[in-house]
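In what follows, a structure is listed as structure tokens, so that the remarks can point back to it.
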Amino acid sequence: MQGIKLWAVGALIAVLGLAHSQPARAGDMSNAVVTCFVDTYALDVPEAFSCTSVWRPGGATNPTTALFQVAGLGAGNYSYAWRDLETNTVPAGCGNQPYCEKSISTETQGDGEATLRVTITDLDTGATKNVQATAFYYDGYT
1058 MQGIKLWAVG ALIAVLGLAH SQPARAGDMS NAVVTCFVDT YALDVPEAFS
1108 CTSVWRPGGA TNPTTALFQV AGLGAGNYSY AWRDLETNTV PAGCGNQPYC
1158 EKSISTETQG DGEATLRVTI TDLDTGATKN VQATAFYYDG YT
């Protein structure tokens, strides 16, 4: 009989513990932005929302790479879905990660622009946020 009472008390404690568990907390996405930089031989510094670089002989390759990265997220459990807004496709190699790379050429060899958007999903709550940035690459020689 004592064993049944202990089991009942244990079951009651377990149920009460579940009833008072904390609700899922969202990571803080309010400050999330996409930063970018166009890779040159200089010290490239990421900038939020848009970034610009100028090609000059010996200063960079053409085409080169534009690098995009999510910044400003609070601690949490997130997924990432990237989209190239120029082609409306998922950029090659840009899976579920907080960064993405895209080839970019100057306006004399291409359009000199790359715009990527990422949908960030908080996996604990299902909340989402879309953020994007645009990289510009200009020919400074011609």
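Going by this note's numbering, the sequence shown opens with residue 1058, and the numbers climb by one from there.
By construction, the Cβ of each residue, glycine as well, lies at the ideal position given by its N, Cα and C atoms.
Within 10 Å of its beta-carbon, does residue i have 16 or more other beta-carbons around it, so buried, or fewer, so exposed?
i: Asp1179; result: buried
i: Thr1121; result: buried
i: Val1147; result: exposed
i: Ala1099; result: exposed
i: Ser1110; result: buried
i: Gly1169; result: buried
i: Ala1105; result: exposed
i: Ala1123; result: buried
i: Ala1081; result: Because the pLDDT at Ala1081 is just 45, under 50, the model does not fix this residue reliably, and the value given afterwards should be weighed accordingly. Looking at its Cβ environment, which holds fewer than 16 other Cβ atoms inside 10 Å, Ala1081 is exposed.
i: Ala1190; result: buried
i: Ala1149; result: exposed
i: Val1102; result: exposed
i: Ala1132; result: exposed
Is the separation between the beta-carbon of residue i and that of residue j shorter than 9 Å?
i: Tyr1194; j: Thr1163; result: yes
i: Leu1130; j: Leu1173; result: no
i: Asn1134; j: Gly1084; result: yes
i: Pro1177; j: Thr1185; result: With the sequence shown as reference, residue 1177 is identified as Ile, and Pro is not the correct amino acid for it. Yes.
i: Phe1094; j: Ala1192; result: yes
i: Tyr1137; j: Pro1155; result: yes
i: Cys1108; j: Thr1092; result: yes
Residues bridged to residue i by DSSP?
i: Thr1092; result: Ala1105, Gln1126
i: Leu1173; result: Asp1141, Ala1190
i: Thr1178; result: Ser1136, Thr1185
i: Asp1196; result: Trp1112
Check your understanding: In chain order, which continuous runs of the beta strand (DSSP E) of length 3 or greater are located wholly inside the region 1102-1167?
Key -> 1107-1112, 1121-1128, 1135-1141, 1156-1161
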